[in-house]
Amino acid sequence: MGIHRDDGNIIDETETLNSDTCLTVNRPSTPPNSERSNCFQTPVKNLHDPRFVGAIRTPHLATPRKALRALEVAKRTIEKQRRKIKTLQQAKIRLVGRITTLNGLIKHLKQKDLLSETTTDNLMVTIGYF
């Protein structure tokens, strides 16, 4: 008895199978097309828009549009800093006003002899002289 192959030949069972007797299936594969694969890749963006004034570099000023974006970042930063300075100055003025009011109150109470000398000295050290 033997093994029947597709080509009609009969092989002896005792014969060992080797690469000559084994059939190989060749499957066609599509060669990679570099042109098609490149068109579907996302472009790499090297230059990001600056978010801070310190991040602005010379390439950000290369075109008028990029320069305008950098100018807008600088304007926004300046406006934020102006607002912050204004609110800090207002807070300082209010605190100085509060201190002067408290100093005036302490002096008034001392003149009316409603506060002792040690209490007045302790309050003045706590409030401070401005």
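Take the sequence shown: its letter number 26 is residue 26 in the UniProt record's numbering, and every next letter is one higher.
C-beta: ideal position from N, C-alpha, C; glycine also.
Residue interval of the alpha helix (DSSP H) (run including residue i)
{"i": "P64", "result": "64 to 111"}
{"i": "I127", "result": "117 to 127"}
Distance, residue j Cα to residue i Cα
{"i": "T118", "j": "M124", "result": "10 Å"}
{"i": "T100", "j": "T58", "result": "51 Å"}
{"i": "P50", "j": "I85", "result": "24 Å"}
{"i": "D113", "j": "K107", "result": "10 Å"}
{"i": "A91", "j": "A62", "result": "42 Å"}
{"i": "N103", "j": "Q89", "result": "21 Å"}
{"i": "T42", "j": "H48", "result": "15 Å"}
{"i": "residue 209", "j": "F52", "result": "The structure shown does not extend to residue 209, since the chain is modelled only from 1 through 130, so no value can be given for it."}
{"i": "L109", "j": "T126", "result": "16 Å"}
{"i": "T120", "j": "K80", "result": "42 Å"}
{"i": "R82", "j": "A67", "result": "22 Å"}
{"i": "L105", "j": "S116", "result": "14 Å"}
{"i": "R94", "j": "R65", "result": "44 Å"}
Cβ separation of residue i and residue j, assumed to be a contact under 8 Å, to the nearest whole Å
{"i": "H60", "j": "A74", "result": "H60 to A74, Cβ: 11 Å. No contact."}
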